[in-house]
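Q:
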């Protein structure tokens, strides 16, 4: 399964995303993703060292500025 | 709805945009957007910690340098 | 009108451009632009806080490194 | 063998990846890669000077933000 | 004339190039350029404040990391 | 000869590569390159001021993060 298909399997789940221009991690529920990894998240919050900093609500992230993303659950295992 | 379609639904609304080369957030009314997330905003202002810094008027933003964008209203909810 | 068409309407006008690798703003007359927002400017100068720093003459700017551009006139309104 | 084919040969192996927005190296087992070098890794950990810092589990990395990647074994030879 | 065609007219001339990852300007004779603004320069030197720092000889520059380029002559006018 | 063809002529030679996310230069033998300038190098070492810092062995470099590359020999001339 290619990486963009892996991302499709995460729709509806909470994910964490590290962006190029952000010191903090974004956490939100993945609503949609396209092949460029552009993402639409809702209930998005900025997180720093496990602490919630800022609530951003519904955001669109530009795929080419994503460093990495991972599902919140799998991160715990 | 793919992320670029989500952005289309924001046309006519006030949005906030975080750019890669900008410390401050840009806020303006979205006039148009293409599939690369290139954006045309009017009544654009730079904002830092909720304070308006600089009025930029009509601006074109290059999509690949967008980190994230969100509608101003949804951010309040 | 899509953002790249908006840029086409600025040909012949003085514009300001913020580039990813530049602390200062570039101001010049827009001679041509393509769909990637690659730009050819003439009479280009670097500007910092309204002061002209360096005259660069005729320059080609790579579109993907543009953060934002705006017409000089509209900025005043 | 083109570079993207070289990456395909690393599937199932432990690799190290240096990302643009990461001070630390990521090490994980390569599950899949596409032609843009988007990668899906599992058992991913952040490494700094040979020390494991953080366990990230299953991650998707955006190809255009990869600086370099290499197989862990070949690095020892 | 589109920006990439403007660059074609500079083949054989000395140009200066500002790169995203370089503090210093590169100056060399333009041998070839493609539509992505990938450039092949010869007799390339790094320049800082008009002083020659390092001779790099024949170099290939990746177009997407070019901030701006301009002909050396036009810069003087 | 377009820049990507110039790079093809360097296959089998030692080259130096400056990457966007690397303070140090990478030096290695070029095994393959594609049109995006993705590179496969072997016997790669990190170099700082002419000193070898770290041996990386076989590495794949993502083309869009290359600032410049040049052949080691030509650099001496």
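Chains as they are written, first to last, in my numbering: chain D, 1214 to 1290; chain F, 1214 to 1290; chain E, 1214 to 1290; chain V, 1214 to 1290; chain X, 1214 to 1290; chain W, 1214 to 1290. Where a beta carbon is used, it is the ideal one built from N, C-alpha and C, also for glycine.
Ignore the nearest five residues each way along the sequence and tell me which others in residue 1276 of chain F's own chain have a CB closer than 6 Å to its CB.
A: Translated into positions along the second chain, residue 1276 of chain F becomes position 63. Only 1249, 1250, 1251 meet the Cβ criterion.
Q: Please identify, using Cβ separations under 7 Å, the residues of the region 1269-1284 of chain D that lie next to chain F, in order along the chain.
A: Per Cβ criterion, the list reads 1269, 1270, 1271, 1272, 1273, 1274, 1275, 1277, 1278.
Q: Please name the residue or residues paired with residue 1264 of chain V in a DSSP beta bridge.
A: Taking the first residue of the fourth chain as 1, we reach residue 1264 of chain V at position 51. V:1261, per the DSSP bridge assignment.
Q: I think residue 1225 of chain D touches residue 1272 of chain D, with their Cβ atoms under 8 Å apart; what is that distance to the nearest whole Å?
A: As a first step, residue 1225 of chain D must be located in the first chain, where it is residue number 12. As a first step, residue 1272 of chain D must be located in the first chain, where it is residue number 59. The Cβ separation is near 17 Å, so there is no contact.
Q: Would you mind sorting residue 1222 of chain D into buried or exposed? The rule is 16 or more other CB atoms within 10 Å of its CB.
A: By one-based count along the first chain, residue 1222 of chain D stands at place 9. It counts as exposed.
Q: Roughly how many angstroms separate the alpha carbons of residue 1228 of chain F and residue 1278 of chain E, rounded to a whole number?
A: The sequence position of residue 1228 of chain F within the second chain is 15, counting from 1. The sequence position of residue 1278 of chain E within the third chain is 65, counting from 1. Straight-line Cα distance between these residues: approximately 22 Å.
Q: Helix, strand or coil for residue 1226 of chain V? Go by DSSP, reduced to three states.
A: One-based indexing of the fourth chain puts residue 1226 of chain V at position 13. Three-state result, residue 1226 of chain V: coil.
Q: Please classify residue 1233 of chain W as buried or exposed, where buried requires at least 16 neighbouring CB atoms within 10 angstroms.
A: As a position in the sixth chain, residue 1233 of chain W is number 20, starting the count at 1. Buried is the call here.
Q: Which class does residue 1278 of chain W belong to by DSSP, given the choice of helix, strand or coil?
A: For the purposes of this step, residue 1278 of chain W is taken as residue 65 along the sixth chain, with counting starting at 1. Looking at residue 1278 of chain W - three-state DSSP - the assignment turns out to be helix.
Q: Would you give the residue range spanned by the beta strand (DSSP E) that residue 1234 of chain D belongs to?
A: As a position in the first chain, residue 1234 of chain D is number 21, starting the count at 1. It is not in any beta strand (DSSP E) - residue 1234 of chain D carries neither H nor E in the DSSP assignment.
Q: Would you mind telling me which residues of chain F sit closer than 8 Å to residue 1250 of chain E, beta carbon to beta carbon, in chain order?
A: For the purposes of this step, residue 1250 of chain E is taken as the residue at position 37 of the third chain. By Cβ distance, chain F contributes 1251, 1273, 1275.
Q: Tell me the rounded alpha-carbon separation between residue 1258 of chain V and residue 1243 of chain V.
A: Numbered from its first residue, the fourth chain carries residue 1258 of chain V at position 45. Numbered from its first residue, the fourth chain carries residue 1243 of chain V at position 30. Near 12 Å, if we compare the C-alpha coordinates of residue 1243 of chain V and residue 1258 of chain V.
Q: How about residue 1219 of chain E: is its C-beta nearer than 7 Å to some C-beta of chain F?
A: To locate residue 1219 of chain E, count along the third chain from 1; it is residue 6. So yes, residue 1219 of chain E belongs to the interface.
Q: For chain V, check one thing: does any of its Cβ atoms lie closer than 7 Å to the Cβ of residue 1261 of chain W?
A: The residue labelled residue 1261 of chain W in the question sits at position 48 within the sixth chain. No, no contact with chain V.
Q: For residue 1272 of chain F, which beta-bridge partners are listed by DSSP?
A: For this step, residue 1272 of chain F is matched to residue 59 along the second chain. Beta-bridge pairing links residue 1272 of chain F to F:1254.
Q: Would you verify that the beta carbon of residue 1236 of chain E is, or is not, closer than 7 Å to some beta carbon of chain F?
A: By 1-based counting over the third chain, the position of residue 1236 of chain E is 23. Not closer than 7 Å to any Cβ of chain F, the Cβ of residue 1236 of chain E fails to qualify, so no.
Q: Name the residue from V:1215, V:1269, V:1284, V:1282 whose alpha carbon lies nearest to the alpha carbon of residue 1246 of chain W.
A: By one-based count along the sixth chain, residue 1246 of chain W stands at place 33. When each option's Cα is compared against that of residue 1246 of chain W, the closest is V:1215.
Q: Quick one: grab the DSSP three-state call for residue 1290 of chain E.
A: Your numbering for residue 1290 of chain E matches position 77 in the third chain. In this prediction, residue 1290 of chain E scores a pLDDT of 43, lower than 50, which makes its location untrustworthy; the coordinate-derived value is nonetheless stated afterwards. Coil, per DSSP.
Q: Should residue 1266 of chain E be labelled buried (16 or more other beta-carbon atoms within 10 Å of its own) or exposed?
A: The residue labelled residue 1266 of chain E in the question sits at position 53 within the third chain. Burial call: exposed.
Q: Determine whether the beta carbon atoms of residue 1286 of chain F and residue 1253 of chain D lie at a separation below 7 Å.
A: Position 73 of the second chain, counting from 1, holds the residue named residue 1286 of chain F. Position 40 of the first chain, counting from 1, holds the residue named residue 1253 of chain D. Going by C-beta atoms, residue 1286 of chain F is not nearer than 7 Å to residue 1253 of chain D.
Q: Please check if any C-beta of chain E sits within less than 7 Å of the C-beta of residue 1227 of chain X.
A: Position 14 of the fifth chain, counted from the first residue, corresponds to residue 1227 of chain X. So no, residue 1227 of chain X is outside the interface.
Q: Which one or two residues does DSSP pair with residue 1283 of chain W in a beta bridge?
A: In the sixth chain, counting from the first residue as 1, residue 1283 of chain W sits at position 70. Per DSSP, W:1229.
Q: Which residue from W:1239, W:1262, W:1264 puts its Cα closest to that of residue 1255 of chain W?
A: Translated into positions along the sixth chain, residue 1255 of chain W becomes position 42. Of the candidates W:1239, W:1262, W:1264, the one whose C-alpha sits nearest the C-alpha of residue 1255 of chain W is W:1239.
Q: Would you report the Cα separation of residue 1289 of chain X and residue 1268 of chain E, rounded to the nearest angstrom?
A: Translated into positions along the fifth chain, residue 1289 of chain X becomes position 76. Translated into positions along the third chain, residue 1268 of chain E becomes position 55. No answer about residue 1289 of chain X holds up, because its pLDDT of 44 lies below 50 and its placement is not dependable.
Q: Can you name, in chain order, every residue of its own chain whose Cβ lies under 8 Å from the Cβ of residue 1281 of chain D, other than the five neighbours on each side?
A: Stepping through the first chain from its first residue, residue 1281 of chain D is reached at position 68. For residue 1281 of chain D, where only same-chain residues beyond five positions count, the Cβ hits under 8 Å are 1230, 1231.
Q: Can you name the residues of chain E whose CB is closer than 7 Å to the CB of residue 1231 of chain X?
A: Reading the fifth chain from its first residue, position 18 is the one you call residue 1231 of chain X. Ordered by position in chain E, the residues that pass the 7 Å Cβ test against residue 1231 of chain X are 1234.
Q: Are any of the Cβ atoms in chain B nearer than 7 Å to that of residue 1282 of chain E?
A: Looking at the structure shown, chain B is missing, and the protein chains on hand are D, F, E, V, X and W.
Q: Determine, using beta carbons only, whether residue 1261 of chain X and residue 1237 of chain X come nearer to each other than 7 Å.
A: Within the fifth chain, residue 1261 of chain X is the residue found at index 48, counting from 1. Within the fifth chain, residue 1237 of chain X is the residue found at index 24, counting from 1. Going by C-beta atoms, residue 1261 of chain X is nearer than 7 Å to residue 1237 of chain X.
Q: Is residue 1256 of chain D close to chain F, meaning its C-beta is less than 7 Å from at least one C-beta of that chain?
A: To locate residue 1256 of chain D, count along the first chain from 1; it is residue 43. No, no contact with chain F.
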